[in-house]
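Asker:
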Amino acid sequence: RGLGSSANRPREDSWLKSLFVRKVDPRKDAHSNLLAKRETSSLYKLQIHNVKPECLDAYNKLCQEVLPKIHEEKHYPCALVGTWNTWYGEQDQAVHLWRYEGGYPALNEVMSKLRQNKEFTEFRKERGNMLLSRKNQLLLEFSFWNEPVPREGPNIYELRSYQLRPGTMIEWGNYWARAIRFRQDNNEAVGGFFSQIGQLYMVHHLW
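Residue -5 is where the sequence shown starts when you use my numbering, and the numbers rise one by one after that.
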């Protein structure tokens, strides 16, 4: 799936740290504890909106007016990592990726505050009239993949989503922990995530 670029929040990190990863033993713990980063407690939310074709421009304009305000508000412990429209694959689709710094408590705090935010409730109502369907997932980030960082653009991004067989998540993580170093020459890798709540056994790679 090809994605157009949008805003990101600066994050400083080193790829070197992520390259030296241990092989995970699947017998010791749940894959969410073994594969996710331990030094951070960030939780991600992936939102996918299928927009009525005649409403896509209005939808983009509305999101551009409202979503950055949440991202920039210091009292909301969240960051809008990126927002895109698809070029290939599903048409008339918007994808948003949020990061909640503090995990589930931060997510609950943001959701509680947004329910009291009159501008946001009006935004949701107006947005709902433009949508055909929507879904979301809560994601954790693979330990060997750094947090997405801002890139000079415009850029085209690719989101690859995989439905894994139950019990193969750790094998997948071990494979990509070794393979990711071969995709660094042109700074291709943006982010790697696996589902925690929503459709299970899903993996998303953002290039």
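Ideal Cβ placement from N, Cα and C applies to all residues, glycine included.
1. Taking the C-alpha atoms as reference points, what is the distance between E113 and M196?
2. Measure the alpha-carbon distance for Q198 versus N123 and round it to whole angstroms.
3. Pick out whichever of K129, R145, Q157, S155 has its Cα sitting closest to the Cα of E182.
4. Taking DSSP as the reference, what is the three-state secondary structure of N181?
5. Roughly how many angstroms lie between the CA atoms of S155 and I191, to the nearest whole one?
6. Taking DSSP's pairing of strands, which residues face E113 in a bridge?
7. Which of the three DSSP states, helix, strand or coil, is assigned to Y70?
8. Do you know offhand how far E48's Cα is from G161's?
9. Under the rule that 16 or more other beta-carbon atoms within 10 Å means buried, what is K39, buried or exposed?
10. For L56 versus E116, is the C-beta distance shorter than 8 Å?
11. On a Cα-Cα basis, can you pick out the residue from Q110, L134, Q193 that is closest to E95?
12. Have a look at G76, E59, Y169, L125 and flag the residue whose alpha-carbon is nearest the alpha-carbon of G147.
13. Are L200 and Y151 touching if we call contact CB-CB under 8 Å?
14. Rounded C-beta distance between I42 and K107? I'm assuming under 8 Å.
15. Does the beta-carbon distance from L37 to L101 come in below 8 Å?
16. So what does DSSP say about N27, is it helix, strand or coil?
17. From the DSSP output, which residues share a beta bridge with I42?
Answerer: In short:
1. On the sequence shown, residue 113 is found 119 positions in, with the first residue counted as 1. On the sequence shown, residue 196 is found 202 positions in, with the first residue counted as 1. Between E113 and M196, the C-alpha separation is close to 33 Å.
2. By 1-based counting over the sequence shown, the position of residue 198 is 204. By 1-based counting over the sequence shown, the position of residue 123 is 129. It is His, not Gln, that sits at residue 198 in the sequence shown. In a straight line, the C-alpha of H198 is about 28 Å away from that of N123.
3. Taking the first residue of the sequence shown as position 1, residue 182 is located at position 188. Selected option, being the one with the closest Cα: R145.
4. Mapped onto the sequence shown, residue 181 falls at position 187. For N181, the three-state secondary structure derived from DSSP is coil.
5. Counted from its first residue, the sequence shown places residue 155 at position 161. Counted from its first residue, the sequence shown places residue 191 at position 197. So the two alpha carbons sit approximately 15 Å from each other.
6. In the sequence shown, the residue the question calls residue 113 occupies position 119. Paired residue(s): none; E113 is not in a bridge.
7. Mapped onto the sequence shown, residue 70 falls at position 76. If DSSP states are grouped into helix, strand and coil, Y70 belongs with coil.
8. Residue 48 sits at position 54 when you count from the first residue of the sequence shown. Residue 161 sits at position 167 when you count from the first residue of the sequence shown. Approximately 42 Å, taken between the alpha carbons.
9. What you label residue 39 is simply residue 45 of the sequence shown in a count that begins at 1. By the 10 Å Cβ count, K39 comes out buried.
10. Locating residue 56 in the sequence shown gives position 62, where the first residue counts as 1. Locating residue 116 in the sequence shown gives position 122, where the first residue counts as 1. No; because the gap between Cβ atoms is not below 8 Å, this pair is not in contact.
11. Taking the sequence shown and counting its residues from 1, the one referred to as residue 95 is at position 101. When only C-alpha atoms are compared, the closest one is L134.
12. Translated into the one-based positions of the sequence shown, residue 147 becomes position 153. Closest option to G147, Cα to Cα, is G76.
13. By 1-based counting over the sequence shown, the position of residue 200 is 206. By 1-based counting over the sequence shown, the position of residue 151 is 157. Going by C-beta atoms, L200 is nearer than 8 Å to Y151.
14. Counting from one through the sequence shown, the residue named residue 42 turns up at place 48. Counting from one through the sequence shown, the residue named residue 107 turns up at place 113. Contact flag wrong, Cβ pair sits at about 23 Å.
15. Here the question's residue 37 lines up with position 43 in the sequence shown. Here the question's residue 101 lines up with position 107 in the sequence shown. Result yes, Cβ atoms of L37 and L101 sit closer than 8 Å.
16. Reading the sequence shown from its first residue, position 33 is the one you call residue 27. With a pLDDT of 46 at N27, under the threshold of 50, the modelled position of this residue cannot be trusted; read the value that follows with caution. In the structure shown, N27 sits in a helix (DSSP, three-state: H, G or I).
17. Counting from one through the sequence shown, the residue named residue 42 turns up at place 48. V89, K129, per the DSSP bridge assignment.
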